[in-house]
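S.K.: One structure is given below, represented as structure tokens, and several questions about it will come after.
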Amino acid sequence: MAQTEKKGGLLRKSSASKKPLKEKVVLMYDEIFTTEDPSKCNPRFWEELFLMKVNLEYLEGKLEALDGEELMKIKDNINCLFQHCIQALGEEHPIRVVNALQTLCALIRGVHQKNKSTSGFDIINMLVGFDKAELCMKNLMESLDSLLCADGSESLKSLCLKLLLCLVTVTDNISQNTILEYVMINSIFEAILQILSSPLSRREHGYDAVVLLALLVNYRKYESVNPYIVKLSIVDDEATLNGMGLVIAQALSEYNRQYKDKEEEHQTGFFSALTNMVGSMFIADADEKISVQTNEAILLALYEAVHLNRNFITVLAQSHPEMGLMTTPTSPVPATPVTPLGTTPPSSDVISSAELPLDADVQTSNLLITFLKYSSIVMQDTKDEHRLHSGKLCLIILTCIAEDQYANAFLHDDNMNFRVNLHRMPMRHRKKAADKNLPCRPLVCAVLDLMVEFIVTHMMKEFPMDLYVRCIQIVHKLLCYQKKCRVRLHYTWRELWSALISLLKFLMSNETVLLAKHNIFTLALMVVNLFNMFITYGDTFLPTPSSYDELYYEIIRMHQNFDNLYSMVLRLSTNAGQWKEPASKVTHALVNIRAIINHFNPKIESYAAVNHISQLSEDQVLEVVRSNYDTLTLKLQDGLDQYERYSEQHKEAAFFKELVRSISINVRKNLAFNTLSQELLLKEFSTIS
1 MAQTEKKGGL
11 LRKSSASKKP
21 LKEKVVLMYD
31 EIFTTEDPSK
41 CNPRFWEELF
51 LMKVNLEYLE
61 GKLEALDGEE
71 LMKIKDNINC
81 LFQHCIQALG
91 EEHPIRVVNA
101 LQTLCALIRG
111 VHQKNKSTSG
121 FDIINMLVGF
131 DKAELCMKNL
141 MESLDSLLCA
151 DGSESLKSLC
161 LKLLLCLVTV
171 TDNISQNTIL
181 EYVMINSIFE
191 AILQILSSPL
201 SRREHGYDAV
211 VLLALLVNYR
221 KYESVNPYIV
231 KLSIVDDEAT
241 LNGMGLVIAQ
251 ALSEYNRQYK
261 DKEEEHQTGF
271 FSALTNMVGS
281 MFIADADEKI
291 SVQTNEAILL
301 ALYEAVHLNR
311 NFITVLAQSH
321 PEMGLMTTPT
331 SPVPATPVTP
341 LGTTPPSSDV
351 ISSAELPLDA
361 DVQTSNLLIT
371 FLKYSSIVMQ
381 DTKDEHRLHS
391 GKLCLIILTC
401 IAEDQYANAF
411 LHDDNMNFRV
421 NLHRMPMRHR
431 KKAADKNLPC
441 RPLVCAVLDL
451 MVEFIVTHMM
461 KEFPMDLYVR
471 CIQIVHKLLC
481 YQKKCRVRLH
491 YTWRELWSAL
501 ISLLKFLMSN
511 ETVLLAKHNI
521 FTLALMVVNL
531 FNMFITYGDT
541 FLPTPSSYDE
551 LYYEIIRMHQ
561 NFDNLYSMVL
571 RLSTNAGQWK
581 EPASKVTHAL
591 VNIRAIINHF
601 NPKIESYAAV
611 NHISQLSEDQ
621 VLEVVRSNYD
631 TLTLKLQDGL
641 DQYERYSEQH
651 KEAAFFKELV
661 RSISINVRKN
671 LAFNTLSQEL
681 LLKEFSTIS
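Residues in the sequence shown are numbered from 1 upward in steps of one, following UniProt numbering.
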């Protein structure tokens, strides 16, 4: 018997030259694509259709092949198909429900493709008809809600979420997707929460549920009252919030693990010498294969949770002892389609052992640690647009955390110490830090480490000004909390001071190039005011009196940089150019730093001359500093411990609009045909008569 081949809905014998035969389902689709009612000749047409295995490719292709005018001619049949799909969702026979869900996916995507043209027809009218739209969409959303909340098939729930993601992402700009009005009116918010609160459902569907929620929250968020924003902001159920946190932690952790594996693969092989030689240049190339874009969806979910829901802040520090315990599934896990690295979460509620602190006695991690590690990876290379967006979003999330009183309380808690192994960019002038030497410290130290790391590694021609501003703002907000609550943090403040002085030096060295693109005086003023914070209030939050002495030592030691900065801003503030006002603000801000330099330098020179020492040691300089505080006069500067709170709508709306567009496109791409494969579903229901 000749072997039968199947392709694109056609059946043909490979040895025969006869006309190809079509699958029955394809013949039925062809009937729908005529102007006649297909049920006229066959009253059981719709009943039979949903027993047939869906041919997604053929159905979508058929819709895309028609122009707007041709599609309008068969509008009644399309409406009929859409309505029968919704009816089939209420059937007891799971095969019918599966086929109806997949047909809806194909219909929505196929018809939306036509909407991109200039045909001018309305998407809702094309799918359901204006007269029946409200009732049909209500029935659809109620059916999906019932399927998601039922105790039935996990595969059906998965398909429901895929359909909803398909519905949300058919347009690049989700706010232009008018179908979502019905998703707003007929909320599925509670169904999403139920998935996140149940360990079994969360393992299977948590990732899709969280991404779906993040997208729904962003529908016309600045133009109208979005019920998903309102509801997310008041969720206080601990199990639900922890469930959401676990899903986000899993996805970020999986990315961190895959990145670490890639990094080790390159460092232990043929390329190790090359990596050492070219440093950070190689990292960007090595990491190109790791997709960051899809994880932007998870980052967005984390942002919305942190920004909208005060109760979620507690989840950031929630310890998860089980995260280090990799369990073997007791039942076979269905195979999933291969996707790029970082685009899919792990399939269980456990986090890999790579997420654990290195101390074997401390078998805990939390969402904030995982997020900080993730941030340290994506913030390494900001040349790529997606990484730049990810880096910016990481800093926005940290800004929200740094402003929150409760978050600051656990960040600075001496009883919550962790080893946080951040990724550091390979640089020729520094050795790779030994992971095992990391001390256990309050979590705020890891945040400050991340900020210092960013400051010292991104002084380059394509200067990421916006990220630097956010970075300095985060440090400032943390200092404001420490000053207000008199928290004496045992941190290596010298590293921060050194990084800030290096940044000022870089701004001065590249004045001409940078001023062509940026107002560098805004950043310079912020850096100078950080030093002013330490000078004015350091005695209230620096860990010891000697730390305050060391601050003065660093300012005196690096006085040339401050002198040069003063000369630069004085020159520009005395000219009538565009930088006159911002430069003069820096001039005034330098008053106390200059007072310190001008007060102590003559004293140090005098001490050296009297004792016949050509070069003083650090201890000798510190001795001079300590004995001459009494005669130092400083000016009290107002407003150093105040800041403007983060506001999304007024300053970040354009960024989030573009980010959500990028996520929508990416989610749609990952909802490819193979992710809607029926094979597993059919196997699951094969025993049903």
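Beta carbons: idealized from backbone N, C-alpha and C, even for Gly. Only a predicted model underlies this, so the values are computations on that prediction, with no experimental measurement involved.
How many angstroms separate the CA atom of V25 from the CA atom of R202?
M.R.: 35 Å
S.K.: Is the CB-CB distance between K73 and T34 below 7 Å?
M.R.: no
S.K.: Three-state secondary structure (DSSP) at N417?
M.R.: strand
S.K.: How many Å lie between D539 and I555 at the Cα?
M.R.: 16 Å
S.K.: Who are the near neighbours of S375 in its chain, counting only those whose CB is closer than 7 Å to its CB and skipping five residues on each side?
M.R.: Cβ neighbours of S375 beyond the five flanking positions: C394, L450.
S.K.: Taking 8 Å as the cut-off, does the stretch 633–642 touch the stretch 529–537 (at least 3 CB pairs, one atom from each stretch)?
M.R.: yes
S.K.: According to DSSP, simplified to helix, strand and coil, what is P439?
M.R.: When secondary structure is reduced to three states using DSSP, P439 falls in the coil class, being assigned neither helix nor strand.
S.K.: In chain order, what residues of the same chain lie with their CB nearer than 7 Å to the CB of Y303, ignoring the 5 residues before and after it?
M.R.: L393, I396, I397
S.K.: Distance, Cα to Cα, E69 vs H84?
M.R.: 24 Å
S.K.: I want to see whether chain B comes within less than 7 Å of A576, judged by CB atoms only; does it?
M.R.: Absent here is chain B; the protein component of the structure consists of one chain.
S.K.: If N139 sits next to I188, beta carbons under 8 Å apart, how far is it from one beta carbon to the other, in whole angstroms?
M.R.: Contact annotation, N139 with I188: C-beta distance approximately 13 Å; criterion of less than 8 Å not satisfied.
S.K.: If we ignore side chains and look at the alpha-carbon of each, how far apart do L200 and F410 end up?
M.R.: 30 Å
S.K.: Using a Cβ-Cβ cutoff of less than 7 Å, which residues in the same chain neighbour A251 once the five nearest sequence positions on both sides are dropped?
M.R.: Y207, N295, I298, P345
S.K.: With distances taken from CA atoms, which of M425, I663, I108, R486 is nearest E453?
M.R.: Selected option, being the one with the closest Cα: M425.
S.K.: Going by other Cβ atoms of all chains shown within 10 Å of its Cβ, with 16 needed for buried, is K132 buried or exposed?
M.R.: exposed
S.K.: So what does DSSP say about residue 699, is it helix, strand or coil?
M.R.: Within the shown structure, residues of the chain are numbered from 1 to 689, placing residue 699 beyond reach of any answer.
S.K.: If contacts are defined as beta-carbon pairs under 8 Å, then T31 and P38 qualify, I think. What distance do you get, rounded to the angstrom?
M.R.: Residue identity check: residue 31 is Glu in the sequence provided, not Thr. Yes, they are in contact, since the Cβ atoms of E31 and P38 sit about 4 Å apart, within 8 Å.
S.K.: Keeping to the same chain, check which residues put their C-beta closer than 8 Å to that of R557; ignore five residues upstream and five downstream.
M.R.: Closer than 8 Å at Cβ, skipping near neighbours: V621.
S.K.: Taking the beta carbon of E605 as the centre, do at least 16 other beta carbons fall within 10 Å, making it buried, or is it exposed?
M.R.: exposed
S.K.: Would you mind stating whether I313 and A407 have Cβ atoms separated by less than 7 Å?
M.R.: yes
S.K.: Is C485 buried or exposed, if buried means 16 or more other CB atoms sit within 10 Å of its CB?
M.R.: exposed
S.K.: Beta-carbon separation of L180 and Y222 under 7 Å?
M.R.: no
S.K.: What do you get for D404, buried or exposed, if any count of 16 or more other CB atoms within 10 angstroms of its CB means buried?
M.R.: If you draw a 10 Å sphere on the C-beta of D404, you find 16 or more other C-beta atoms in it, and that means buried.
S.K.: Relative to the C-alpha of H423, which candidate in F562, M379, D384, D619 has its C-alpha closest?
M.R.: M379
S.K.: Whose C-beta lies closer than 6 Å to the C-beta of L144 among residues of the same chain, with five residues either side of it excluded?
M.R.: C160
S.K.: Would you please state the rounded distance, in angstroms, between the beta carbons of L167 and M126? I believe it to be under 8 Å.
M.R.: 14 Å between Cβ atoms; not a contact.
S.K.: Spatial neighbours of L671 within its chain, please: C-beta separation below 7 Å, excluding the five flanking residues on both sides.
M.R.: Sequence-distant Cβ neighbours of L671 in its own chain, meaning closer than 7 Å and more than five residues away, are K162, L165, C166.
S.K.: Following the continuous alpha helix (DSSP H) through Y303, name the residue where it begins and the one where it ends.
M.R.: Here the alpha helix (DSSP H) through Y303 covers 295–308.
S.K.: In angstroms with no decimal places, state the Cα-to-Cα distance between I229 and Q649.
M.R.: 13 Å
S.K.: Can you have a look at P464 and say buried or exposed, based on whether 16 or more other CB atoms are within 10 angstroms of its CB?
M.R.: Buried.
S.K.: How big is the Cα-Cα spacing for Y182 and M137?
M.R.: For Y182 and M137, the distance between alpha carbons rounds to 6 Å.
S.K.: For the ligand SAH, is there any heavy atom lying closer than 6 Å to the beta carbon of C166?
M.R.: Judged by which ligands are present, the structure shown has none, so any question about the ligand SAH falls away.
S.K.: Mapping the DSSP letters down to three states, classify L525 as helix, strand or coil.
M.R.: helix
S.K.: If I measure Cβ to Cβ from F130 and keep anything under 8 Å in the same chain, skipping five residues before and after, which residues do I get?
M.R.: These residues qualify, in order along the chain: D122, I124.
S.K.: Straight-line CA distance for S158 to M141?
M.R.: C-alpha separation (whole angstroms): 15 Å.
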